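My numbering numbers the first residue of the sequence shown as 453 and each following residue consecutively. By construction, the Cβ of each residue, glycine as well, lies at the ideal position given by its N, Cα and C atoms. All values derive from a computational prediction rather than experimental measurement. To start, the structure itself, in structure tokens.
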Amino acid sequence: MKRPTTSRWRGWWRADEGQVTAFVVVLVTGILVLAGLTLDGGLALAAKVRATGQAESAARAGAQAIDLSAYRGTGTLRLVPAQAVANAHAHLATEGATGTVTVTDDTVTVTVTAVQRTQLLGLVGIGSFQVHGQGSAHPQRG
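If you want it as structure tokens, here you go:
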């Protein structure tokens with residue numbers, strides 16, 4: 453005896469072919485994008501923290517360029533701007549970073565710019581992030 457429900461179920465299954473595949477493709481793409489945001493977002497945040505640390509270190513190195521004759525003569529802390537910029541750039545070079553250095557009055561400000569390559573977001577067309585870190589320092593009596 454043949455069961456009539458078997459042919460009905462077989463026809464139902466064939467009517468939905470391909471719809472599950474499209475759903476799985478969309479779902480997997482969404483999961484990869486979320487994983488990419490998590491992974492690459494964390495890497496970008498770590499790169500920003502690293503750039504900020506490099507900028508702060510370079511600013512401290514630049515703030516050591518004190519005008520010794522003015523300090524010994526009058527006791528005022530004053531920077532030698534050209535030497536402060538050179539010290540900060542030298543420190544950035546030893547860390548393999550690039551950035552800009554500005555000296556105003558008694559403050560050295562360094563801005564580091566870095567590029568963080570993405571791991572997973574490259575699959576959706578985002579190849580890298582540009583991150584910036586900034587640090588300032590001024591000489592202290594010690």
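Query, Result
"Please classify residue 571 as buried or exposed, where buried requires at least 16 neighbouring CB atoms within 10 angstroms.", "exposed"
"From the DSSP output, in three-state form, read off residue 565 for me.", "strand"
"Who pairs with residue 587 in a beta bridge, going by DSSP?", "562"
"What are the complete alpha helix (DSSP H) segments, minimum 4 residues, inside the segment 517-558?", "520-526, 533-547"
"Under 6 Å Cβ to Cβ from residue 549, same chain only, skipping five residues before and after it: list those, please.", "506, 564"
"Check for me: the alpha helix (DSSP H) holding residue 578 runs from which residue to which?", "No alpha helix (DSSP H) contains residue 578, which DSSP labels as neither H nor E."
"Would you call residue 497 buried or exposed, if buried means 16 or more other Cβ atoms sit within 10 Å of its Cβ?", "exposed"
"Measure from the alpha carbon of residue 582 to the alpha carbon of each residue in 568, 591, 592, then state which is nearest.", "568"
"Quick check: is any heavy atom of the ligand MN less than 7 Å from the C-beta of residue 559?", "Among the components of this structure there are no ligands whatsoever, and the ligand MN is therefore not found."
"Helix, strand or coil for residue 570, going by three-state DSSP, please let me know.", "coil"
"What is the DSSP secondary structure of residue 496, reduced to helix, strand or coil?", "helix"
"Taking all protein chains shown into account, decide if residue 499 is buried (16 or more other Cβ within 10 angstroms of its Cβ) or exposed.", "buried"
"For residue 489, collect the residues of the same chain with a Cβ closer than 8 Å to its Cβ; drop the 5 residues on either side in sequence, then sort them by chain order.", "573"
"Considering only residues of the same chain and omitting the five flanking positions on each side of residue 408, which have a CB-CB separation below 6 Å?", "Outside the shown range of the chain, which is 453 to 594, sits residue 408, and nothing can be said about it."
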